[in-house]
Amino acid sequence: MKFFSPLLFLTISIFSQEKDSITTVKKDTIFVAKDSIKKNASNLFSDKDLKIIDSLLIEEKFNSSLIDTLVYVINDKDIIGNTKIAVTSDLLKIRLSNLNEKTPFNLAYNPSLEKVINSYLLYRKKYYPALMAKAKYYFPMFEQYLDQYDIPLEMKYLAIVESALKPRARSRVGASGLWQFMYGTGKQFDLKVSSYVDERYNPVKATIAACKYLSQLFKIFGDWDLALAAYNSGPGNVTKAIKRSGGYKNYWNIRPFLPRETAGYVPAFYATMYIFEYAKEHKIYSELPNFFNFQTDTVHIKRTISFDQISEKINVDEEILANLNPSYKLDIIPFIKGRNYALRLPTNKIVDFLEKEKEIYALANADDAKREKPLPRYFEMDKRIRYRVKSGDFLGKIANRYGVRVSDLKRWNRLKTSRLKIGQRLYIYPRKIPFSVNKKTSKNKKETSNTFIKKGKYQIYTVQKGDSLWSIAQKFKNVSIDEIKKWNNIWSAKGLKPGTKLKIYKS
């Protein structure tokens, strides 16, 4: 599936949130804070009020904004001095008025918004067809949960502003997923992160968490435009902006008192909404999506399996699996008691998976068995041997005798040079026992190796960008993914990088 970088779509800036937190709040103080927010403009907030409000946010299960970094800022070079227009002021006023009647957002015309919309249409128009294709997959799911939480359906455009609809989008400081949750905030909303799974990348779970957070913000401010601003910069900054503006509650009136990033954030949301709603009028047409949401379904797995094992058995490309299952960080679906992790597949592959489920698990078992297992003796201190240096000994000879490396001998014995003295004692953790040490070993018995050795003619294949084990296997007659793994000593798609040389043996 083709994706384009959000860096190309919108300008990125870094914004650091306030990290002050108050860990305990009295219940009566919380109710006072809630009432204070709803007071008239004449009753301005004091600094003490702001601290109470921040404490309320902690009590309400969030203490920082969802996103801390990936913020869409209007690039001045796109709008300052720009004389070109894509839509006239008079026509834009009519269209914004029509949109305003259909949405609870305050989508009123103003010159600043006009410049932003013209800028997007003039300089970013080419990105929208691919973006709209992704929207066809994600928007139906967004709308389902926005409706469930009684949030305006137009809020779906917020995910475009946040991540350009890239489910694995990650900012430089860790804001992740379609809705750009920071680690701590995601945890507050029950988005779990482990070595295998990051639920901030899970489209459904992250959307539910974003709905809960936006609902909380609306309860505080009673205005969806201010809820948007708070989603970006934090409720504390919005409350301060209200106070510094003299008590105004309209977004455009407090905009000069907001952080620069937030000042550009809400107009970016409005401009995105306008372009999507009037795409046809501007001759912007969606590309065909790889999938619609209704063309996919989920199955629960019964053991830990990897994308390449699934790909080998049911012939679905690993890239498709990664795009449909973005929360699995290592392209591995773990089986953990009580978690019930699911695999999302194209609907036409569900039956294939169920028919070959046992084969997939058998392949996973076989792959696990092929991996070299640690030998217990190497972990026990009493299994090490103490070797006495003899005449003619040198480090390379001793290392070879016991199946270890010279660097290991130096590290175990803290040797700074390779020089040895006759009679010197060395500690060794042997990986093989020489015949002279183990007299019970038969002279005809040789130690076997776990390394797979294939003899015969082969050709070298250079891995290209976009290749997977499955796609490479398809290029050669009678070659399986399992054979490619054995021949090249690789056990997952993670070892497959562009430029890697692979041996492909002839049948």
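Count the sequence shown with this note's numbering and you get residues 7 to 513, in order.
Heads up, the beta-carbon is just placed ideally off N, CA and C, and yes, glycines get one too.
* Per DSSP, what kind of secondary structure is Ile166 in: helix, strand or coil? -> helix
Along the chain, where does the beta strand (DSSP E) containing Arg350 start, and where does it finish? 348-352
- prompt: Under the three-state reduction of DSSP, which class applies to Phe298: helix, strand or coil?
  reply: coil
- Is DSSP giving Lys483 helix, strand or coil here? coil
Practice prompt. Measure the alpha-carbon distance for Val485 versus Thr278 and round it to whole angstroms.
Written response: 48 Å
field: Cβ distance (whole Å) where Ser103 is taken to contact Glu120 below 8 Å
entry: At roughly 13 Å, the Cβ-Cβ gap does not stay under 8 Å, so Ser103 and Glu120 are not in contact.
Margin query: Can you find the residues in the same chain that come closer than 6 Å, C-beta to C-beta, to Leu159, ignoring five residues on each side of it along the sequence?
Written below: Glu149, Leu152
- Tyr464 beta carbon less than 7 Å from that of Leu508: no
Could you check what DSSP says for Glu65 in three-state terms: helix, strand or coil?
Unreliable positioning characterises Glu65 in this predicted model, as indicated by a pLDDT of 37, which lies under 50. A coordinate reading is not provided.
Q: Can you grab the Cα-Cα spacing for the pair Asp303 / Lys142, in whole Å?
A: 16 Å
Among the candidates Val410, Ala375, Lys379, whose CA atom is the shortest distance from the CA of Ile391? Val410
Item to check | Close Cβ partners of Phe224 (< 6 Å) along its chain, the five nearest in sequence each way excluded | outcome: Ala233
Problem - With 16 other Cβ atoms within 10 Å as the buried cut-off, status of Ala235 - result: buried
Fill in: Beta-carbon gap between His306 and Ala348 smaller than 7 Å
yes
Problem set entry | Inter-residue spacing [alpha-carbon to alpha-carbon] between Leu72 and Tyr334 | A caution first: Leu72 carries a pLDDT of 35, below 50, which makes its placement in the model too unreliable to give a value.
- [ ] Identify whether Thr278 lies in helix, strand or coil by the three-state DSSP scheme.
- [x] helix
* When Pro332, Ile338, Ile326 are compared against Thr310, the one with the closest alpha-carbon -> Ile338
Problem set entry | Strand pairing of Leu508, partner residues [DSSP] | Tyr467
Go ahead and label Gly190 buried or exposed: buried means 16 or more other beta carbons lie within 10 angstroms of its beta carbon, across all protein chains shown.
-> exposed
- Tell me where the beta strand (DSSP E) around Leu432 begins and ends. 431-434
### Task
Please classify Glu324: is it buried, with 16 or more other beta-carbons within 10 angstroms of its beta-carbon, or exposed?
buried
By how many angstroms is the C-alpha of Phe111 removed from the C-alpha of Arg130? 24 Å
| query | Looking at C-alpha atoms only, which residue of Ser477, His288, Gln470 is the closest neighbour of Lys5? | reply | Within the shown structure, residues of the chain are numbered from 7 to 513, placing residue 5 beyond reach of any answer.
| field | Where Asn346 falls, given that 16 or more other Cβ within 10 Å makes a residue buried | value | exposed
Practice task
Excluding the 5 residues preceding and the 5 following Arg431 in the sequence, name in chain order all residues of the same chain whose CB lies nearer than 8 Å to its CB.
Solution key: Arg392, Tyr393, Arg394, Val395
| field | Three-way DSSP call (helix, strand, coil) for Thr94 in this model | value | coil
**Report entry** Closest Cα partner of Val203 within the set Asn495, Pro273, Ala328
**Finding:** Ala328
message: Relative to the C-alpha of Gly192, which candidate in Arg178, Lys211, Ile478 has its C-alpha closest?
response: Lys211
### Message
Restricting to Cα atoms, I'd like to know which of Ile490, Lys416, His288, Gly398 is closest to Tyr134.
### Response
His288
I'd like the span of the beta strand (DSSP E) that includes Tyr254, first residue to last. Looking at the DSSP string, Tyr254 is not in any beta strand (DSSP E), and its letter there is neither H nor E.
Give the single residue among Val199, Lys319, Gly344, Leu171 whose Cα lies nearest to the Cα of Gly180.
Val199
Close Cβ partners of Tyr276 (< 7 Å) along its chain, the five nearest in sequence each way excluded:
Leu113, Leu119
Requested in this report: Let me know if Val357 comes out buried or exposed under the rule of 16 or more other beta-carbons within 10 Å of its beta-carbon.
Outcome: exposed
* To do: Answer yes or no: do Pro241 and Ile226 have a C-beta to C-beta separation smaller than 7 Å?
  => yes
Near Pro332, which residues of its chain fall below 6 Å by C-beta distance, leaving aside the five closest residues on each side in sequence?
-> Pro173, Arg174, Tyr207
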